[in-house]
Amino acid sequence: MRVVILGSTGSIGTQALNVIRNHPDKFEVVGLGAGGNQLELLAAQTQEFRVSTVAVANQDSAPALKELLPGVAVWAGSEALAELAALAGPGGVVLNGITGSVGLGPTLAALHSGAQLALANKESLVAGGKLVADAMVRPGQITPVDSEHSAIAQALRSGRHHKGLTSPEVDGTSEVARLILTASGGPFRGCTRAQLQDVTAQQALNHPTWDMGPVVTINSATLMNKGLELIEAAYLFDMSPQQIVPVVHPQSVIHSMVEFCDGSTIAQASPPDMQLPIALGLSWPDRLPKVATPCRWDTATSWDFEPLDDAVFPAVNLAREAVATSALHPAVMNAANEEAVAAFLTDRISYLAIIDIVSQVVADFSAPETVDLAQVQAAEAWARHRAQAEIAKAGK
-6 MRVVILGSTG SIGTQALNVI RNHPDKFEVV GLGAGGNQLE LLAAQTQEFR VSTVAVANQD
54 SAPALKELLP GVAVWAGSEA LAELAALAGP GGVVLNGITG SVGLGPTLAA LHSGAQLALA
114 NKESLVAGGK LVADAMVRPG QITPVDSEHS AIAQALRSGR HHKGLTSPEV DGTSEVARLI
174 LTASGGPFRG CTRAQLQDVT AQQALNHPTW DMGPVVTINS ATLMNKGLEL IEAAYLFDMS
234 PQQIVPVVHP QSVIHSMVEF CDGSTIAQAS PPDMQLPIAL GLSWPDRLPK VATPCRWDTA
294 TSWDFEPLDD AVFPAVNLAR EAVATSALHP AVMNAANEEA VAAFLTDRIS YLAIIDIVSQ
354 VVADFSAPET VDLAQVQAAE AWARHRAQAE IAKAGK
């Protein structure tokens, strides 16, 4: 199968290449794309997998990359990753592991090309869920790669659910009552709001379960990550925000669950290892052998589940309100959050100010009646500008 990997030097991309490395007879890597900050790693990946075309978003990185990769086509610039996404074509798969709303353009390009989209860039759906739905050329063209949404997609095979972007069929009735999103609780599980007043970026980056990039890790600390996943699930599986229920599960072994109309709940369990949902994203609906270590059933263990503390972690309810208000409010929420997280990481605002700022920006936004890519970009630009004003007011 022809594969294009976007974000190849990041956590998702490097793990995807490891899956491919272990199953060389299944995949042919035809394109690698990255931001352009880790050129030596990108060059090494290109040489190992004999890739003929690479792309970097940073135009200034192109000359150095061309020197490292003589004879390889090097594309660069703001549209390079979207152009690369079209290389897989019908019958191929594009893994979008880019971080941030800049992943929306490549997501749309991959769908327009007819390729299967293994989607790890949750911001594509958060910022442009309606645009993504409209860009699909066939039902079921998207396979989720987030561990929670991959778990839901797997559990849905136990019942009837002919709805959403992941379903190969669009007609029929659903047997699904609710989707249960599990959350580790992050590094501040069990804390009060007062205890979080003076936390540092270093503390927030100390995630108890997952090894992720800084933005995703801070989002996990505030539980904004779970808010983004709620919006993503609403689009992927065509469920109302009220039918999607987050629950804290510190062990991160149950990755999510589906509750059916008869009262049965199906859960997907595996030790925390992103290679499993990545492999499924590349090979769906088939499974590759020996991707991850399975759970041990011959040793004593226990799994805990706790309700989410909405007072301490208001991001999930903010996400519910945003997706219910308009198609553009989630884009505003995400853009404002990216600005606030960047300010926190550079010690310009406090941890608690992150969601306070995002909430204020979302409340101030008035959405137009129609939605297109230009309006998504305009809404994001407005949100970033507005967030910067709030950051200046809330600064330390």
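Sequential numbering of the sequence shown, starting at -6, is according to our numbering.
Ideal placement from N, C-alpha and C gives every residue a C-beta, glycine not left out.
According to DSSP, what are the bridge partners of Met250? Ile173, Ala260
Should Val209 and Thr92 be called a contact, given that it needs their Cβ atoms to be closer than 9 Å? Yes, the pair counts as a contact, with Cβ atoms nearer than the cut-off.
Ignoring anything shorter than 3 residues, give me the beta strand (DSSP E) runs that lie fully in the region 120 to 187, in order along the chain. 135 to 137, 169 to 176
Local Cβ density within 10 Å of Asn199, reported as buried at 16 or more and exposed below that: Here Asn199 is exposed. Its C-beta has fewer than 16 other C-beta atoms within 10 Å.
For Arg313 and Leu112, I'd like the C-alpha separation in whole angstroms. 21 Å
Residues near Trp277 in its chain [Cβ-Cβ closer than 7 Å; skip 5 each side]: Setting aside the 5 residues that flank it on each side, Trp277 is surrounded in the same chain by Thr136, each with a C-beta closer than 7 Å to its C-beta; the list follows chain order.
Helix, strand or coil at Ala218 [DSSP, three-state]: Reading off the sequence shown, one finds Asn at residue 218, where the question assumed Ala. In the structure shown, Asn218 sits in a helix (DSSP, three-state: H, G or I).
Thinking C-beta only, is Ile237 closer than 9 Å to Arg171? It is a contact, given that the beta carbons lie within the stated cut-off.
Judging by CA-CA distance, which residue of Glu168, Phe306, Gly165, Pro243 is the nearest neighbour of Thr295? Residue 295 is actually Ser in this sequence, not Thr. With distances taken between Cα atoms, Ser295 lies closest to Pro243.
Can you tell me which of the three DSSP states Ile237 falls into? strand
Relative to the alpha-carbon of Glu222, which residue among Ser257, Leu311, Gly82 has its alpha-carbon at the smallest distance? Leu311
Please report the straight-line C-alpha distance between Asp303 and Thr215, rounded to a whole angstrom. 11 Å
Three-state secondary structure (DSSP) at Gln109? strand
Once the 5 residues before and after Met250 are set aside, which same chain residues still bring their CB inside 6 Å of it? Ile173, Thr258, Ala260
Can you give the Cα-Cα distance for Ala385 and His105, rounded to whole angstroms? 40 Å
Closest by C-alpha distance to Val309, when choosing among Gln188, Gly3, Ala227: Selected option, being the one with the closest Cα: Ala227.
Give me the Cα-Cα distance between Glu76 and Leu88, rounded to the nearest whole angstrom. 14 Å
Assuming contact is defined by CB atoms lying nearer than 9 Å, are Glu405 and Ala120 in contact in what I supplied? Shown here, the chain extends from -6 to 389; a query on residue 405 therefore has no answer.
Can you round the beta-carbon distance between Ser167 and Arg153 to whole angstroms, since I take them to be within the 8 Å contact cut? 6 Å
Which of the three DSSP states, helix, strand or coil, is assigned to Gly24? strand
Please work out which residues of its chain come closer than 6 Å, Cβ to Cβ, to Ala9, disregarding the five sequence neighbours upstream and downstream, and give them in chain order. Ile(-2), Leu88, Ile271
Quick check on this structure: which residue in Asp266, Phe253, Thr339, Ala36 has the alpha carbon closest to the alpha carbon of Ile5? Asp266
Using beta-carbon positions only, say whether Gly98 and Gly82 come within less than 9 Å of one another. no
Considering only the alpha carbon of each residue, which of Glu41, Ala324, Ala367, Ala144 lies closest to Arg377? Ala324
Cα-Cα separation, Val305 to Val354: 19 Å
Look at the alpha carbon of Val44 and the alpha carbon of Gly274, and state the distance between them as a whole number of angstroms. 20 Å
Per DSSP, cross-strand counterpart(s) of Ile(-2): Leu25, Leu88
Taking one C-beta from the region 181 to 200 and one from the region 276 to 291 each time, how about it: are there three or more such pairs within less than 8 Å? no
Which residue from Ser94, Val138, Gly70 puts its Cα closest to that of Val86? Val138
With a CB to CB cut of under 7 Å and the five nearest residues on each side skipped, what residues in its chain are close to Pro180? Cβ within range, chain order: Gln196, Ala197, Asn199, His200, Pro201, Ala214.
Phe298: buried (16+ other C-beta within 10 angstroms of its C-beta) or exposed? exposed
Run through DSSP, which three-state label would Ala99 get? Note that residue 99 is Pro in the sequence shown here, rather than Ala. Helix at Pro99.
DSSP state of Val354 mapped onto helix, strand, coil: Residue state, collapsed to three classes: helix.
Can you tell me where the beta strand (DSSP E) with Thr46 in it begins and where it stops? It spans 46 to 49 - the beta strand (DSSP E) in which Thr46 sits, taken as one unbroken run.
Terminal residues of the beta strand (DSSP E) in which Trp68 lies: 66 to 69
Would you identify the three-state DSSP class for Pro300, choosing helix, strand or coil? strand
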